[in-house]
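Peer 1: The structure under discussion is supplied below as structure tokens; questions concerning it will follow.
There are 2 protein chains.
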Amino acid sequence: MASIWFLPFDKEIKSENGLGIMHAAVILRLPIYSTCGAKGACGKCRVIIEKIEGPISPPSDRERELLGALLEKGFRLACETVLQGSAVVRIPEESRIKRQIILTAGNEHLFSVRLLPDTEKYYLNVETPTIDRPTADRERLLRALEKTYRIKKSRLDPFVLRKLPAALSSNPKGVTLSIWRKTEIVDIVAGQSAGLYGVAADIGTTTVVVYLLDLEKGQEIAVKTATNPQISFGDDVISRISSCQRQAGALETQRAAIVQCLNALVEEASSEVGIDPTRIVEMTAVGNTTMHHLLLGIDPGGLSRTPYPPVLQDSQDVKARDLGLEIGPSAYVHLLPLKAGFVGSDAMAGILATGIHRSKTLSLLIDIGTNGEIVLGNKDRLICCSTAAGPAFEGGHIRWGMRAETGAIEKVKLDPRTLEVKIETIDNHRPVGLCGSGVIAAVAEMIRSGIILSRGNFNKDIDAPRLRDGEQGREFVLAWAEETAIGQDIVLTQKDVSEIQMAKSAIYSGTLLLQEISGFEQIQRILLAGACGNYIDPLDACKIGLFPGGDSARIAGVGNAAGYGACLSLLNRNKRKEAQKVAMTTSYQELAASDRFQDLFISNLFFTSAVDYDEGLRD
Amino acid sequence: MASIWFLPFDKEIKSENGLGIMHAAVILRLPIYSTCGAKGACGKCRVIIEKIEGPISPPSDRERELLGALLEKGFRLACETVLQGSAVVRIPEESRIKRQIILTAGNEHLFSVRLLPDTEKYYLNVETPTIDRPTADRERLLRALEKTYRIKKSRLDPFVLRKLPAALSSNPKGVTLSIWRKTEIVDIVAGQSAGLYGVAADIGTTTVVVYLLDLEKGQEIAVKTATNPQISFGDDVISRISSCQRQAGALETQRAAIVQCLNALVEEASSEVGIDPTRIVEMTAVGNTTMHHLLLGIDPGGLSRTPYPPVLQDSQDVKARDLGLEIGPSAYVHLLPLKAGFVGSDAMAGILATGIHRSKTLSLLIDIGTNGEIVLGNKDRLICCSTAAGPAFEGGHIRWGMRAETGAIEKVKLDPRTLEVKIETIDNHRPVGLCGSGVIAAVAEMIRSGIILSRGNFNKDIDAPRLRDGEQGREFVLAWAEETAIGQDIVLTQKDVSEIQMAKSAIYSGTLLLQEISGFEQIQRILLAGACGNYIDPLDACKIGLFPGGDSARIAGVGNAAGYGACLSLLNRNKRKEAQKVAMTTSYQELAASDRFQDLFISNLFFTSAVDYDEGLRD
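Residue numbers (our numbering), protein chains in the order written: chain A, 17 to 635; chain B, 17 to 635.
In structure tokens form, the structure reads like this:
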């Protein structure tokens, strides 16, 4: 007869036989840490024996090695220690799995979430069959699961059935199950298995990001990004959609391309931290409606015809294998809900991550991507729209544009007197090109220096070595060839500025329209999401006129809010219901049908903060 | 305002607008027949207008053509006729889908079942989206489904989602759904679609049978058989199991082989009746435990080690695509339950088909295949066992053995005086070999003629041209080379007789043991299942001593009862629950552990009905 009382949890377990401390803690579902699968290798499961009556196993060689002098202070490894009598055992702070995750972006407190993944681990012992009761493996497993955890009638995925006989016949006895929603066994491993992993994917029109998360510790353990390979079918969603209409097989090719891209990113992330991708038990994915449909292999053609209905809106749970995703063979992918044809699950995830739907503060959330989704509102009401901002803020359609990678110019300062340039690049590498925040900074500084005038044209009255005629008209040299990593001058062209004018007017005008419709006037907080959202200088954004109300509101970059939302819904299952509710209650404004938006768009193309001295008018 | 009162169903439908008769009948789910998809082409949907008030569409050209003089008697085609007022419409007997199927085998009334498939068709209209309510396709479909049929929150398989936009945007409006268990949409087709198909598969160790059924009419429309390609891994289940232990990849090769075989049979059956295999909405499958596990890709290794537990027992519903089966991309396969390591779902299906679990009659059901499964009992209690009868009764291990195909000798008569032979072959073709019933008949006749003695040896005292020494010892010529299609003498060898002795003793002894254990003495009915079960002459079976009690019991061949059981569970979903209950309540006797069985097996190797004059003893 043995019994253990665990502190600080005040939970007790009794047994007819001896009790391993780790085994006991696992059965009680106490959050005890182990990265080696309770094999005495990692030393993370150390506990303190505060009281003991009866025999206890002597310290093993591994414990002597890993604990050293701590042994004398009562420390032991939970996985190596077996008790015969009764004991009080404390699981100290450092050996506990953290169940509360707080993410921040810049100074903005982004979110705090309880660790409550949809797929959880259960360790159990399954009895062996006898000649009198030669019960099948599956039925014995289900009986043990019901007896140990009161989980009844779990489904077993057919690919788990294949792993069943080997897992059950291994030695020592005991298996670790991964169970989805307490209803379906999606993995089985012999023994006490370490690790429970999930991936969250943010599929942007231009950039794809994959986050690999440890679902036991609630930690991001690897992040990988790539350019969306569908880009060969067009820069924006409209060209991707129309390619599906024009070319037979384009839908399938684009589907296969994004799947391959996700698989490669998952593989990269997994190998970085040394885990097998097939051990990933769950995935969440967000993207705009077109990306979402293409991933599912659904023709997005309806999105090109009024009234632009998506093929589906609600969140979906699909087997990863049915989409061709190479994670756990039985794992599910949770696709967050969509709002409309051009407001996708990325926008819903952004709301989830920034929590604007739970806040009293009137917030403006702008996702600065190829599709500029705008959400305005607070906990009482949210209204959203989508603008075809184009890829300029992601470096697309910009002469020297690039993604926010090593060598990208992300900050630009101009001396207004000498027009000399000071740049900062990512990783302090020699410059390779300009990422979104660099483009915005360059334009803002050129406005401040009077180089760019209100209509967007370059001031012909300024004569400086950096300002010159290039192949595509006037251009401004940001870095001379000898300073760069590419041996060529990096410039900002007149055409680049036009791209930025259209992109900023789309977002500015969309926001104005939402304000007009909702009556929401005084925006208190502006949140810039998107790959470069974190790096945009708020003053630069105001200077180019990216959004109204920038003078009085708090402005903060919130990074890849869509990606964070995908992570959130991976870490906590309740966030999925929350996202579904947000999608149902947020109202949507269609801009394509709005004459008022067209008017606003035209009249907001100018830089109102720039010098109103128009060369063009003089000619 | 229109209304139709349907006879003989006494069901009424009303509408604000005009009513098409077919449309109205479909909405009311009346069993009206149509093979063309309500396109006015097949003429099967004729109805009688018994009373009419208000306008009715004039007879179309198609109606004139297909109905002719019947038009004057009030007949119309339901799919071509639209009413504006109110009418009484009779759906005559010949236009009704039959919902009751009765199968018989020989004179034995096998089963009668109500047509109630697990997957059913639903026709509905889905509203179009508007700019004010650009609701997604999926959500509009689900709303229409709930409104029309009160089916709530159906799941949509991801492969159905892919078909959704094209189906919904076709003209005329309206889609036909195939819904599994009223919970999951597994197919969608534009318009009113004809046909609902399913396949039932019986996977034998030696022979694979696929039945293609029309689930609207409850008819078998094609049957295809093939040799199980796993035969290259061994004739019997034990060799198939042990190959998985010995050779890496043997499990996967055997899995792929049976899947390919099933796909080929489904393709053959479908093309025979001109349907696309992807239109098959459901499948059921039965087989012995090893065949079942191999189809699922599960290592059957546990079946070779005491206590021989299977990996799973309960019935399973698995997506066909997850097994590699090429039917509807979203279709389910229902695998019937297993009883034990060596009593599989084929035996459970056999019980289901013969109904011995619902009958007062004490029945003995013997499946004469490579594994001889024996079930004894009645509605109060069933007991079963499995004997390794070997493939002799299916023509395996027999010098000139073959499957029951064209040219197989199936009946044999010997003139006891002249020893001249009269044979009958399948399709009256020139003989090619001997199938199971032919082997049994030959042995029985040779016993009657005194050629085969009680110990199984050939009587050396008989001198006849047909009795001679061959390569493998003594042999008896059943057909001379010039009579056959193969230009060689077809013989029965001494070794063939030994094979039959072992096979029959296994079944005889197994039955005796079940009788001893259960106390069931007076067997009232003996049912012979298996490919050749129908063709075995009961007197021949008694002569060779295939089972005890043959002198007083009714004996009947019930054909491929396992296959019929698979068909039954495809035609009526309630049969699936019944099979599961049978599997739970039938008791199982393990013979491998039984010394008593070994004793019985040895002492029943002799032919007790043969002349007890033993040459062997004289030598």
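By construction, the Cβ of each residue, glycine as well, lies at the ideal position given by its N, Cα and C atoms.
1. Looking only at its own chain, which residues have a Cβ that is under 8 Å from the Cβ of aspartate 636 of chain A, when we skip the five neighbours before and after it?
2. Assuming leucine 131 of chain A and glycine 234 of chain A are in contact, meaning their beta carbons sit under 8 Å apart, how far apart are those beta carbons, in whole angstroms?
3. Mind checking glycine 344 of chain B: buried by the 16 CB within 10 Å criterion, or exposed?
4. Figure out for me which residue from B:Phe617, B:Tyr139, B:Ser185 and B:Ile64 has the closest Cα to the Cα of proline 325 of chain A.
5. Glycine 533 of chain A touches chain B at which residues, Cβ-Cβ below 7 Å?
6. Suppose you measure from the CA of leucine 35 of chain B to the CA of serine 346 of chain A; what does that come to, to the nearest Å?
7. Could you spell out where the alpha helix (DSSP H) holding glycine 366 of chain A opens and where it closes?
8. Which ranges would you report for the alpha helix (DSSP H) in the segment 192 to 278 of chain B if only whole runs of at least 4 residues count?
9. Based on the DSSP output, what are the partners of aspartate 403 of chain B in its beta bridges?
10. Can you tell me whether valine 391 of chain B is buried or exposed? The criterion is at least 16 other CB atoms within 10 Å of its CB, across all chains shown.
11. Kindly indicate if chain A contains any beta-carbon less than 9 Å away from that of tyrosine 580 of chain B.
12. Quick check on threonine 601 of chain B: buried or exposed, where buried means 16 or more other Cβ atoms within 10 Å of its Cβ?
13. Going along chain A, which residues have a C-beta under 9 Å from tyrosine 324 of chain B?
14. Which residues, taken in chain order from the segment 295 to 320 of chain A, show a beta carbon closer than 7 Å to some beta carbon of chain B?
15. With 9 Å set as the bound, which would you pick, yes or no: does the beta-carbon of alanine 457 of chain B sit closer than that to a beta-carbon of chain A?
16. So, for isoleucine 439 of chain A: in the same chain, excluding its five sequence neighbours on each side, which residues have a beta-carbon less than 7 Å away from its beta-carbon?
17. Taking the alpha helix (DSSP H) that glutamine 517 of chain A belongs to, which residues open and close that run?
18. State the Cα-Cα distance for the pair leucine 396 of chain B and valine 302 of chain A, rounded to the nearest angstrom.
19. Please name the residue, chosen from B:Gln208, B:Leu281, B:Tyr213 and B:Glu268, that lies closest to alanine 242 of chain B on a Cα-to-Cα basis.
20. Which one or two residues does DSSP pair with asparagine 588 of chain B in a beta bridge?
21. If we count the other Cβ atoms within 10 Å of its Cβ and call it buried at 16 or more, is glutamate 232 of chain B buried or exposed?
22. With a cut-off of 9 Å, does the C-beta of valine 334 of chain B fall near any C-beta of chain A?
23. In whole angstroms, what separates the C-alpha of threonine 97 of chain A from that of glycine 56 of chain A?
24. Residues in its own chain within less than 6 Å of aspartate 362 of chain A by CB, not counting five upstream and five downstream?
25. Given a cut-off of 9 Å on the beta-carbon distance, is the pair threonine 300 of chain B and serine 585 of chain B in contact?
26. Does the beta carbon of glutamate 155 of chain B sit closer than 9 Å to a beta carbon anywhere in chain E?
27. Between the C-alpha atoms of tryptophan 196 of chain A and aspartate 338 of chain A, what's the straight-line distance to the nearest angstrom?
28. For methionine 299 of chain B, list the residues DSSP reports as bridge partners.
29. With DSSP as the reference, identify every bridge partner of alanine 424 of chain A, one or two as the case may be.
30. Could you please tell me which residues of the segment 338 to 350 of chain B, in chain order, have their CB closer than 9 Å to any CB of chain A?
31. Any idea what DSSP makes of glutamine 596 of chain A, helix, strand or coil?
32. Hey, out of A:Gly393, A:Arg374 and A:Asn387, whose CA is closest to leucine 381 of chain A's CA?
33. Tell me whether the beta-carbon of leucine 212 of chain B lies closer than 9 Å to the beta-carbon of alanine 285 of chain B.
34. Please tell me whether valine 105 of chain A has its Cβ less than 9 Å away from any Cβ of chain B.
35. Quick one: list the residues of chain A neighbouring glutamate 88 of chain B, beta-carbon separation under 7 Å, in chain order.
36. In chain A, which residues lie less than 7 Å from valine 327 of chain B when you measure between Cβ atoms?
Peer 2: Checking against the coordinates, here is how it stands:
1. As shown, chain A starts at 17 and ends at 635. That puts residue 636 of chain A outside it, with no answer to give.
2. 4 Å
3. buried
4. In terms of Cα proximity to proline 325 of chain A, the closest of B:Phe617, B:Tyr139, B:Ser185 and B:Ile64 is B:Ser185.
5. Per the sequence shown, the amino acid found at residue 533 of chain A is isoleucine instead of glycine. Residues of chain B passing the Cβ test: none, with the nearest at roughly 14 Å.
6. 48 Å
7. 361 to 370
8. 253 to 262
9. According to the sequence displayed, residue 403 of chain B carries threonine and not aspartate. Bridge partners of threonine 403 of chain B: B:Gly388.
10. buried
11. no
12. exposed
13. Pro145, Ile147 and Pro150
14. Leu312, Gly313, Ile314, Asp315, Gly317 and Gly318
15. no
16. Ile425, Lys427, Val428, Pro447, Leu494 and Ala495
17. 510 to 534
18. According to the sequence shown, residue 396 of chain B is aspartate rather than leucine. Distance between the alpha carbons of aspartate 396 of chain B and valine 302 of chain A: 57 Å.
19. Per the Cα distances, B:Leu281.
20. B:Leu132
21. buried
22. True, the Cβ-Cβ gap to chain A drops below 9 Å.
23. Distance between threonine 97 of chain A and glycine 56 of chain A, taken at the CA atoms: about 10 Å.
24. Val302, Gly303, Asn304 and Ala578
25. yes
26. Absence of chain E from the displayed structure is noted, the protein chains being A and B.
27. 17 Å
28. Residue pairing of methionine 299 of chain B in beta bridges, as defined by DSSP: B:Val215 and B:Val349.
29. By DSSP's assignment, alanine 424 of chain A forms a beta bridge with A:Gly449.
30. Asp338 and Leu339
31. helix
32. A:Gly393
33. no
34. no
35. By Cβ distance, chain A contributes nothing, its closest Cβ being about 49 Å from glutamate 88 of chain B, past 7 Å.
36. Ala152, Asp153, Arg154, Leu177, Leu180 and Pro181
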